[in-house]
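> Numbering of the sequence shown is given in our numbering, commencing with residue 143 and proceeding in unit increments.
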Amino acid sequence: MAQQLSFTRTTVGPGQAVVLAAAGDVDLVTADEFETQLKSVLCPPNEVVILDMSEVSFFSSAGLSVLLASAESAKSSGISFRLVTTERVVLRPLEITGVSESFTVFDSIDDAVASAR
């Protein structure tokens, strides 16, 4: 049975960056919820949004599509969108599809917050 997808939302740092942490499987079944959660934070007044995918255990092409659309949305809205992960299940699809350069990827939330200053 596939693992559920869950989210937690916090704010960190002096600039009050919004951190959306995802845990579980991002696949065809959960992609709509993934998109809904991202849209809820990728909007004003948020200026910096950090997506923490450190606890994602599966990342499908459906999730990748949502992630790419979200990055474009953030860019057009002037929102700084940062990705946190060291997980191969997330990094590998970004690399093999050639879109890894579309994202600023950090090893930790602390690193992502520090770069937002």
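Cβ atoms here follow ideal geometry from the backbone N, Cα and C, with glycine treated the same way.
Is the stretch 146-159 in contact with the stretch 228-238, if contact means three or more CB pairs nearer than 8 Å?
Counting Cβ pairs under 8 Å, fewer than three are found: no touch.
> Taking only the alpha-carbon atoms, compute the straight-line gap between R224 and K217 and give it to the nearest angstrom.
Rounded to the nearest angstrom, the two C-alpha atoms are 11 Å apart.
> Between S196 and P186, what straight-line distance do the alpha-carbon atoms span, to the nearest angstrom?
One C-alpha to the other measures close to 25 Å.
> By the 10 Å Cβ neighbour count, where 16 or more other Cβ atoms means buried, how is T227 classified, buried or exposed?
The residue is buried, with at least 16 neighbouring Cβ atoms inside 10 Å.
> In angstroms with no decimal places, state the Cα-to-Cα distance between S202 and L170.
Cα-Cα distance, rounded: 7 Å.
> First and last residue of the beta strand (DSSP E) that includes T153?
Residues S148 to V154.
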